[in-house]
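Keeping their order, the protein sequence lines are chains A and B.
Counting from 1 along the first sequence, just add 63 to a position and that's the residue number in the working numbering.
Counting from 1 along the second sequence, just add 115 to a position and that's the residue number in the working numbering.
One structure below.
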Amino acid sequence: EDQVTQSPEALRLQEGESSSLNCSYTVSGLRGLFWYRQDPGKGPEFLFTLYSAGEEKEKERLKATLTKKESFLHITAPKPEDSATYLCAVQTSNSGYALNFGKGTSLLVTP
Amino acid sequence: DAGVIQSPRHEVTEMGQEVTLRCKPISGHDYLFWYRQTMMRGLELLIYFNNNVPIDDSGMPEDRFSAKMPNASFSTLKIQPSEPRDSAVYFCASKGEVNTEAFFGQGTRLTVV
């Protein structure tokens with residue numbers, strides 16, 4: 064059975080304090096690893112897709128990386144508007160085109 | 116495009132009543148997904164469709180849940196009879212053949228009392 068584990072569950076940062084969120088996975092036949100952002104009361108919003116180990120993608124203050132066992136979402140010099148829950152999900156040969164989500168990391172960035 | 120549209124946004128119902136959640140996917144998308152989100156279990160897939168045909172319904176909790184997609188622009192998720200443990204936020208998402216990512220609606224918050 065595919066498993067996705069995110070850590071930490073919650074993270075509090077000062078504005079400008081860089082950090083990383085972790086997503087470890089145990090799956091059969093990874094097709095893609097996805098990162099989403101979710102704001103309170105809203106649906107998840109797509110950030111990145113990574114397909115193979117060694118791949119990296121960047122968007123503003125966010126950078127996602129992938130290894131054979133885990134993915135990291137690096138947040139450089141975060142701002143309060145980066146506060147949200149960050150969700151990691153995998154698409155595998157078991158799941159078809161559906162996504163199997165981790166439980167997320169709740170990020171709070173204080174001024 | 117207005118994105119994935121779900122209705123209602125909030126639903127409060129009494130135990131035993133029938134509940135119908137609605138979803139309009141993004142025009143041209145071939146895949147439609149229903150997910151449920153709770154604090155305890157996170158986001159879980161219930162069912163997904165490709166070209167209006169159910170592909171994987173293994174996440175549907177039990178026979179009280181049913182989903183239909185009568186055409187490419189509309190899907191429903193029905194719970195009959197509803198129970199308090201069905202209280203959750205239900206999300207619909209869609210994706211096209213070209214896009215790899217799924218786009219989510221704003222969700223329906225269901226409370227069964």
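From the three backbone atoms N, C-alpha and C, an ideal C-beta is built for every residue, glycine too.
Status (buried if at least 16 other CB within 10 Å, exposed otherwise) for residue i
i             : result
residue 210/B : buried
residue 141/A : buried
residue 163/A : buried
residue 112/A : buried
residue 222/B : buried
residue 190/B : buried
Best match in the options for proximity to residue i [C-alpha to C-alpha]
i             : options                       : result
residue 188/B : 197/B, 181/B, 199/B and 207/B : 207/B
residue 125/A : 155/A, 135/A and 116/A        : 135/A
residue 167/B : 160/B, 156/B, 124/B and 140/B : 140/B
residue 228/B : 143/B, 191/B, 165/B and 130/B : 130/B
residue 217/A : 122/A, 109/A and 72/A         : Nothing can be reported for residue 217/A, as the shown portion of chain A is limited to 64 through 174.
residue 168/A : 160/A, 150/A, 159/A and 174/A : 150/A
residue 219/B : 106/A, 143/A and 96/A         : 106/A
residue 226/B : 149/B, 120/B, 118/B and 124/B : 124/B
residue 41/A  : 123/A, 110/A, 103/A and 96/A  : No answer is possible for residue 41/A: the residues shown for chain A start at 64 and end at 174.
residue 65/A  : 77/A, 143/A, 159/A and 148/A  : 159/A
residue 138/B : 155/B, 175/B, 177/B and 119/B : 119/B
residue 199/B : 126/B, 117/B, 173/B and 146/B : 126/B
residue 173/A : 70/A, 79/A, 138/A and 69/A    : 79/A
Coarse secondary structure for residue i, derived from DSSP in three states
i             : result
residue 171/B : strand
residue 200/B : helix
residue 133/A : strand
residue 72/A  : coil
residue 80/A  : coil
residue 64/A  : coil
residue 126/B : strand
residue 177/B : coil
residue 159/B : strand
residue 22/A  : Only positions 64 to 174 of chain A appear in the structure, and residue 22/A is not among them; the question remains open.
residue 144/A : helix
Span of the beta strand (DSSP E) around residue i
i             : result
residue 161/A : Element bounds for residue 161/A: n/a, residue is neither H nor E.
residue 185/B : 180-186
residue 122/B : 120-122
residue 152/B : 146-153
residue 99/A  : 93-101
CB contact below 8 Å: residue i versus chain C
i            : result
residue 88/A : Checking the listed chains, one finds no chain C in this structure; the protein chains it contains are A and B.
Chain-ordered residues of the region 151-181 of chain B with a beta carbon less than 7 Å from chain A:
For the region 151-181 of chain B, which is checked against every Cβ of chain A, the residues closer than 7 Å are 157, 158, 160, 163, 170 and 171.
Report the residues of the region 103-123 of chain A with a CB closer than 7 Å to any CB of chain B, ordered along the chain.
Taken in chain order, the members of the region 103-123 of chain A whose beta-carbon sits within less than 7 Å of a beta-carbon on chain B are 105, 106, 107, 109 and 112.
Of the residues that make up the region 190-221 of chain B, which ones have a beta carbon closer than 8 Å to any beta carbon in chain A?
Flagged, chain order: 206, 208, 210, 215, 216, 217, 218, 219, 220 and 221.
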